[in-house]
Amino acid sequence: MRTKCLNFGVPVTSINYFYGKLFDINYRISVHEGNANQRLASEAAKILYQLGPSQEVVPRRYREEFSKLVRLIEATIKSLPQPGLTPTRLKGIKNKTAVKYIKMLIDIQNNFQTD
Numbered sequence: 001m002r003t004k005c006l007n008f009g010v011p012v013t014s015i016n017y018f019y020g021k022l023f024d025i026n027y028r029i030s031v032h033e034g035n036a037n038q039r040l041a042s043e044a045a046k047i048l049y050q051l052g053p054s055q056e057v058v059p060r061r062y063r064e065e066f067s068k069l070v071r072l073i074e075a076t077i078k079s080l081p082q083p084g085l086t087p088t089r090l091k092g093i094k095n096k097t098a099v100k101y102i103k104m105l106i107d108i109q110n111n112f113q114t115d
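Last residue of the sequence shown: number 115 in the UniProt record's numbering, and the count goes up by one each step with no gaps.
Structure (structure tokens):
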């Protein structure tokens, strides 16, 4: 039984956790009502707290963009008046940018499924 993934050099359980959460987040984004920014914002806390700590699992070509998304979510959540609230929109981005971030999350999922 392999305990480390050859592609990432991290424990297989970390990879399984990351992609399991990513599949759930992508599903919830796809069924959420609203525009792209609202869809992404609805899953912001999950992206930050469940996926953010495991950034080493993200394929190299998506890491920079993924870390930008995590920093953007951190800034948005810090600007909320109370802890525990879910933002309605991500601060400082338009729908076009939100669509690019959603596409990146889906591409990361598809990359895992083809490996």
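Ideal placement from N, C-alpha and C gives every residue a C-beta, glycine not left out.
Keep in mind it's a predicted model, so treat the numbers as computed, not measured.
Where residue i and residue j are concerned, what is the direct C-alpha to C-alpha distance, given to the nearest angstrom?
| i | j | result |
| --- | --- | --- |
| residue 93 | residue 14 | 30 Å |
| residue 99 | residue 88 | 16 Å |
| residue 45 | residue 12 | 24 Å |
| residue 42 | residue 112 | 23 Å |
| residue 104 | residue 97 | 11 Å |
| residue 57 | residue 81 | 32 Å |
| residue 36 | residue 95 | 5 Å |
| residue 102 | residue 84 | 23 Å |
| residue 86 | residue 73 | 11 Å |
| residue 77 | residue 34 | 19 Å |
| residue 114 | residue 75 | 33 Å |
| residue 123 | residue 38 | No statement about residue 123 is possible, as the shown extent of the chain runs from 1 to 115 and does not include it. |
| residue 29 | residue 60 | 23 Å |
| residue 54 | residue 79 | 24 Å |
| residue 116 | residue 40 | Here the chain comprises residues numbered 1 to 115, so residue 116 is not present and cannot be evaluated. |
| residue 70 | residue 62 | 12 Å |
| residue 90 | residue 17 | 25 Å |
Query raised in the report: Any chance the region 59 to 71 sits against the region 98 to 113, with 3 or more Cβ pairs inside 8 Å?
Result: yes
Report task. Determine, using beta-carbon pairs with one atom in the region 11 to 29 and one in the region 41 to 50, whether at least three such pairs fall under 8 Å. Result -> yes
Requested in this report: Entirely within the region 27 to 115 and at least 4 residues each: give me those alpha helix (DSSP H) ranges in chain order.
Outcome: 36 to 42, 60 to 78, 95 to 114
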